[in-house]
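To start, the structure itself, in structure tokens.
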Amino acid sequence: MDKFILTAALTGAIHTPTMSPYLPITPDQLAEEARRAREAGATVVHVHARDPQTGRPSAESRVFGEILSKIKSQCDAIICTTTGGGFGMTVEERAKVVKTYSPELASLNAGSLNFSLHPLLDKMQDFKHDWEPQYLAMSEDFIFPNTFKTLREFSGYFAQEDTKPEFEVYDVGMLNNIAFMLSRGSIKKPIYIQFVLGILGGLPATINNLVFLHNSAREILGKEFVWSVCAAGKNQFKMCNAALLMGGFTRVGLEDNLYLEKGELAKSSAEQVEKIIRIAREHGLEPATPEEGRTILKLKGAQAVKF
Ligand code: KMH
Ligand code: ZN
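Residue numbering for the sequence shown follows the working numbering, starting at 5 and increasing by one per position.
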């Protein structure tokens with residue numbers, strides 16, 4: 005059987021508590037979600053922190069630390085921390101988790117883009133928390149900042165901690181940014197890319213766009229990269245399936261999509277993990293264990309993190 009890295013992105017910074025009662029918020033809920041996702045077959049869990057009282061995306065180092073140690077105590081999945089953070093966080097706040105906790109793997113967003121959620125407001129009323137409508141509305145004027153200076157600084161922090169970057173690529177120009185970092189010697193091969201499709205401001209989630217990105221990556225970076233796909237919203241499973249058929253890895257989870265089927269909220273990221281594994285097995289594919297994932301990505305190992 006061929007193996008693929010399966011990531012479960014547990015909570016993110018896009019969805020707000022009003023959108024689903026199943027979105028994990030507290031460190032205990034996140035650790036429980038990680039345990040369930042791993043038990044269902046996930047190789048990696050991708051983690052953001054939220055304020056345990058309000059559910060607002062948080063850069064609070066203490067909360068992050070509690071989440072990471074609780075997850076580590078409850079499951080053996082590879083832990084990938086975000087450095088994308090949430091709207092309005094400074095670059096320094098986003099980088100802190102790598103400098104403080106030295107994870108094996110962390111996201112590194114490969115360029116700046118408009119990144120907006122404001123259309124979600126059209127479908128919503130009666131918010132659980134006051135911050136939610138303002139958070140969604142302000143994204144209309146938000147540019148997700150990942151300048152060359154930020155990329156240089158982030159890649160320095162990652163190198164210092166021997167944290168593997170998972171490059172989040174939302175559009176084709178970002179592949180040039182990765183090639184530039186390679187040319188400067190600030191990052192090492194094999195490059196690990198997460199193609200992020202379907203964000204308002206990035207490339208739409210279509211198979212043509214995925215093929216275009218994949219072919220462009222081969223042209224720009226050569227063959228020495230491994231890649232995965234995630235897609236926001238209703239195209240999540242279609243794009244994950246396409247990635248598997250193309251020989252890539254894949255990411256599911258409530259960060260990207262709150263649903264299991266049209267009109268049916270997923271009660272846990274683990275349900276989405278189970279679903280994509282069912283599909284993968286029909287193609288003769290099996291999710292990698294965390295140890296297999298570490299070998300594929302050349303990670304430093306769980307013993308080397310600082311949490
Ligand atoms: N939420 C995804 C669209 C990150 O954490 O660095 C992008 C993401 C970014 O996962
Ligand atoms: Zn994320």
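We put the CB at the ideal spot given by N, CA and C, even for glycine.
None of these values were measured; they are calculated from a predicted model.
Item, Value
"Per-residue DSSP class, three states only, for C244", "helix"
"Ligand 2 heavy atom lying under 7 Å from the CB of E144", "no"
"Backbone CA spacing between K153 and G267 [nearest angstrom]", "43 Å"
"Status (buried if at least 16 other CB within 10 Å, exposed otherwise) for V101", "buried"
"Ligand 2 heavy atom lying under 7 Å from the CB of T86", "yes"
"Where the beta strand (DSSP E) containing I18 begins and where it ends", "That residue, I18, is in no beta strand (DSSP E); it is neither H nor E in DSSP."
"DSSP state of H50 mapped onto helix, strand, coil", "strand"
"Length of the line joining the Cα atoms of T293 and I9", "8 Å"
"Distance CB(A114)-CB(T167) smaller than 8 Å", "no"
"Test item: CB-CB of D260 and G16 under 8 Å", "yes"
"Status (buried if at least 16 other CB within 10 Å, exposed otherwise) for Q276", "buried"
"Own chain residues within Cβ distance below 6 Å of R60, not counting five before or after", "W135"
"Classification of V256 by the beta-carbon crowding that lies within 10 angstroms, buried from 16 upward", "buried"
"Residue from S190, I283 and C79 whose Cα sits closest to the Cα of A247", "I283"
"Beta-carbon contacts of G252 that lie in its chain and below 7 Å, excluding the five residues immediately before and after", "W231, S232 and V233"
"Spatially closest choice to M23 from A99, P137 and G88, by CA coordinates", "P137"
"Near ligand 1: S62 beta-carbon under 7 Å from a heavy atom", "no"
"Own chain, CB closer than 7 Å to M178, minus 5 neighbours either side, in chain order", "A114 and G115"
"Inter-residue Cα distance where the pair is F241 and A274", "14 Å"
"Top-ranked residue by Cα proximity to N118, from F91, Q164 and A306", "F91"
"Cutoff 8 Å; reference R98; Cβ partners in own chain excluding five residues on either side", "A63, T86, T87, G88 and G89"
"Alpha-carbon to alpha-carbon, H122 and M142", "7 Å"
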